[in-house]
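The next block holds one structure in the form of structure tokens; read it before the comments.
In our numbering, the protein residues as written are 189 to 401.
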């Protein structure tokens, strides 16, 4: 589906938190798709000391092109985050209920729109990081959160990943998506609230069936 050419094999993850590694698909300098592991939380290349900068886990799609932190990534370093779904939370602090938003089982994984950056330290150290692009939430998911990640359809992977000159204008329709009708919301275990919990058990439904979007 994602068409990457390298032999990257990463174990499945069920509870990825900011600052942890996340798998992305991008185009390399040869124009070939590759999968790579980068840190979730964008660190712009112009940051002098990463210890004094709070990594950016999300980027507002409607303003990213005008923001110094995201402008270069949107033009030259777009990528996809393959995922079976994503999470949102509702409820009070200390008693938050996690919700899994995912495609109906028959439709397969989704691709979240993201941008990445390479930060180089004076000592030669290198950190690759990423941020997920978000838009105002539409449809039933808006009851959970006022923002939602941009999901890129497979037929537009090439446009999104091909960062040739001029494509920032061409990708604008992808950043204003219509609500998807093939997603469902599933209330899952509060085990997910602890980043130390990992494995399929964190996605155990607490009610069934899921709600179709």
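Even for Gly, the Cβ is constructed at its ideal location relative to N, Cα and C.
What you are looking at is a predicted structure, and each value in this text was computed from that prediction instead of being measured.
Residue 269 is bridged by DSSP to 300. Nearest C-alpha to residue 290 among 392, 204, 371 and 377: 371. In the same chain as residue 322, and ignoring 5 residues on each side of it, the C-beta atoms closer than 8 angstroms to its own belong to 246, 247, 248, 249, 335, 336, 337 and 338, in chain order.
Look at the beta carbons and you see the stretch 217-227 not touching the stretch 375-390: under three pairs across the two are nearer than 8 angstroms. Residue 192 and residue 225 have their alpha carbons spaced roughly 13 angstroms apart.
Look at the beta carbons and you see the stretch 300-313 touching the stretch 260-271: at least three pairs across the two are nearer than 8 angstroms. Contact check between the stretch 224-239 and the stretch 337-357: fewer than three CB pairs, one atom from each, fall below 8 angstroms, which does not count as touching.
Comparing C-alpha distances from residue 362 to each of 352, 380, 343 and 379 shows the shortest one belongs to 343. Here residue 348 is buried. Its C-beta has 16 or more other C-beta atoms within 10 Å. Secondary structure in the stretch 191-227: the beta strand (DSSP E) runs of 3 residues or longer, each lying completely within the stretch, are 209-215 in chain order. Under the DSSP assignment, residue 247 falls in the beta strand (DSSP E) whose first and last residues are 246-248. Counting C-beta pairs closer than 8 angstroms gives fewer than three between the stretch 249-259 and the stretch 200-216, which falls short of the contact rule.
Setting aside the 5 residues that flank it on each side, residue 311 has no residue in the same chain whose C-beta is closer than 6 angstroms to its C-beta. Under the three-state reduction of DSSP, residue 366 is assigned to coil, being neither helix nor strand. Less than 9 angstroms divides the Cβ of residue 284 from the Cβ of residue 381.
Taking a C-beta distance under 9 angstroms as the contact criterion, residue 230 and residue 304 qualify as a contact pair.
Remark: C-beta atoms of residue 345 and residue 190 approach each other more closely than 9 angstroms. Beta-bridge annotation (DSSP): residue 239 is not paired with any residue.
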